[in-house]
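For reference, the structure is listed below as structure tokens.
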Amino acid sequence: MTMRDERQESWKIQVPFHLDYCLNCGQAFRWKKRGKHWFGFINDNLYRIEYDESNKTIRTLRIPGDSVRTTADYEGENRLQIERYFGLNDSLSTIRESILSNLRENGYNWFALKFEEIFSKSLGLRILRQDVWEVTVSFLLSTQTNIPALEKKLDALCRLFPENEVRYDGESFYRFPKKGTLALLCEEDYKRLGFGYRSAWLCQLVRRFSESDFHSLRTETYERKLSFLLTFPGIGYKVAHCILLFGYSVLKAFPVDIWISRWIKEVFDIEGAHDQLATWGQTAFGEYAGYAQEYIFNFCRNLAPGGREI
DNA sequence: GCCCAGGGGTAGT
DNA sequence: ACTACCCATGGG
């Protein structure tokens with residue numbers, strides 16, 4: 168591995184962007200921070216990324232792996248893939264105005280002001296464009312699991328396959344295993360990793376997941392996407408909405424987890440099942456309800472008193 | 001030990 | 001359709 172095999176690019180970002188929030192708000196679980204650098208995979212290529220807030224500059228380094236095809240070989244392609252992955256084409260001002268006008272139309276004027284504050288506190292948080300397979304497996308395993316525990320589960324799973332290893336600076340990083348690779352495992356293997364009752368779900372998913380089905384789902388309607396996902400054991404409304412939002416960029420998807428349902432109860436005094444609260448969220452926040460949800464989640468979990476502080 | 005976690009399935013109303 | 005209860009496991 169020589170230095171000129173590594174592709175470095177840096178450029179100024181002209182829109183609001185917050186790298187830490189993007190990678191640390193519970194939508195992706197395998198990015199690792201080492202000092203100022205984040206390490207993770209985009210389209211199966213390992214990247215080292217840092218963002219300098221003071222001069223709005225992102226610095227990226229693509230780290231060559233041994234056995235993966237090079238998907239970013241010409242000048243500028245790294246940048247295009249990175250911009251797409253981080254949702255830099257989403258207009259946050261448009262999204263913000265859409266959410267606020269929906270709140271007002273629904274009679275939540277009193278809350279619109281609060282939401283402006285929530286939005287400005289997490290400004291630059293963006294919905295990532297992740298691989299659907301990895302998102303599906305990750306959120307299938309997320310049930311009744313806190314985020315640090317989920318990250319450990321996924322790490323343990325990835326480490327089973329040394330062929331996916333990419334080394335850099337004395338540390339090993341692993342590409343996420345493909346469906347065909349996971350098909351080599353059985354339920355007992357998953358239980359040994361501590362997946363518990365989710366092991367059987369994952370076996371079913373690996374057996375039934377069809378790359379073409381999940382790909383062609385992109386052109387289906389919202390309702391058909393949702394009902395298809397719900398046919399898998401272990402995928403209920405919450406997990407399905409996460410797959411829609413983080414895997415299919417369906418920006419009106421509104422995942423209702425324990426943080427969000429507690430927050431809705433506290434602020435609006437509304438309770439209900441996951442699907443009812445999801446519908447409520449989509450009505451209240453509109454076509455970008457998923458963005459509203461993520462800003463609220465980041466606010467509750469990372470920024471509010473009692474939250475985690477990044 | 002206790003309580004909780006980016007919930008889902010199911011049996012009983 | 002709604003509810004209550006169970007489900008494995010790890011972290012704080």
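For the first sequence, this note's numbering assigns the number 168 to the initial residue and increments by one for each residue that follows. For each residue, glycine too, the CB sits at the ideal point set by N, CA and C.
When only Cα atoms are considered, N256 and I314 end up about 27 Å apart. By the Cβ test, the segment 457–466 is in contact with the segment 278–290, since at least three Cβ pairs between them sit closer than 8 Å. Excluding residues up to 5 positions away in sequence, K223 and T224 lie with their Cβ nearer than 6 Å to the Cβ of K179 in the same chain. Between the alpha carbons of D298 and V434 lies a distance of about 34 Å. Take S265, set aside five residues on each side of it, and the residues of its chain with a beta-carbon closer than 7 Å to its own are G453, E454 and Y455, in chain order. Leaving aside the five residues that flank N465 on each side, the residues in its chain whose CB is nearer than 7 Å to its CB run, in chain order, Y188, C192, S289 and L292.
By the neighbour-count criterion, in which 16 or more other beta carbons inside 10 Å mark a residue as buried, N331 falls on the buried side.
DSSP places D187 in the helix class (H, G or I) of the three-state scheme. Between the C-alpha atoms of W426 and D380 there is a straight-line separation of about 32 Å. Each residue's CA atom was taken as its position, placing G207 and W198 some 5 Å apart.
Taking the C-beta atoms as reference points, F196 is found nearer than 8 Å to L321.
A straight line joining the alpha-carbon of L324 with that of R375 spans about 19 Å. The beta carbons of L349 and V333 sit no closer together than 8 Å. With a cutoff of 8 Å on beta-carbon distance, L228 and Q175 are scored as near each other. Y357 has its alpha-carbon roughly 11 Å from the corresponding atom of L351. At a cut-off of 4 residues, the continuous stretches assigned as alpha helix (DSSP H) that sit fully inside the segment 305–387 are 314–325, 346–349, 354–359, 365–375 and 378–383. Counting the other Cβ atoms within 10 Å of the Cβ of T303 gives 16 or more, which makes it buried. Looking at the DSSP output, Q175 bridges to L228.
It is roughly 24 Å from the alpha-carbon of L213 to the alpha-carbon of C409. Contact annotation, F282 with L267: C-beta distance approximately 7 Å; criterion of less than 8 Å satisfied.
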